[in-house]
Amino acid sequence: MHFGTPHAIIKHEKVGLYWKGIKMNLREMAEAHLRNVEQQIQELQQNKARIEQDIQTLSDYLQQGVAELNAGNQDANPEQAMNQQGQDFIDGKQVSPSIPTLTLPQQG
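Residue numbers (our numbering): 134 to 241.
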């Protein structure tokens with residue numbers, strides 16, 4: 134038997150039972166394929182949940198680090214002091230801060 138041509142398929146369709154046997158196998162193959170697709174979707178959803186948790190953990194870590202860095206800006210240099218207007222002075226001269234202040238976007 135040759136299944137590569139439409140003519141062969143038409144001949145098998147006329148046989149009836151044999152065609153139903155092939156049709157059943159195709160249906161089983163399609164069902165197995167769809168089960169695999171469903172399983173892949175579930176795995177991707179689990180991966181997505183893990184990735185979202187990792188993103189949250191790293192975001193929390195980043196926010197904590199930025200907060201600590203920003204808090205450390207005030208004491209970054211023992212010679213540096215902040216006046217009440219928030220300007221930096223070293224030896225009485227206004228200077229730019231040596232460590233930039235970081236601001237994170239809010240998580241939504």
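Positions of the beta carbon are idealized from the N, C-alpha and C atoms, including for glycine. Small disclaimer: the values here were computed from a predicted structure and weren't measured.
Here the alpha carbon of G205 sits roughly 10 Å from the alpha carbon of G198.
Collapsing the DSSP output to three states places Q239 in coil. In this structure, the straight-line span from the alpha carbon of L159 to that of N169 is close to 15 Å. Rounded to whole angstroms, the gap between the alpha carbons of Q178 and Q186 is 12 Å. Note on geometry: alpha-carbon atoms of L191 and M162 lie some 43 Å from one another. A straight-line Cα-Cα distance of about 10 Å links K181 and I174.
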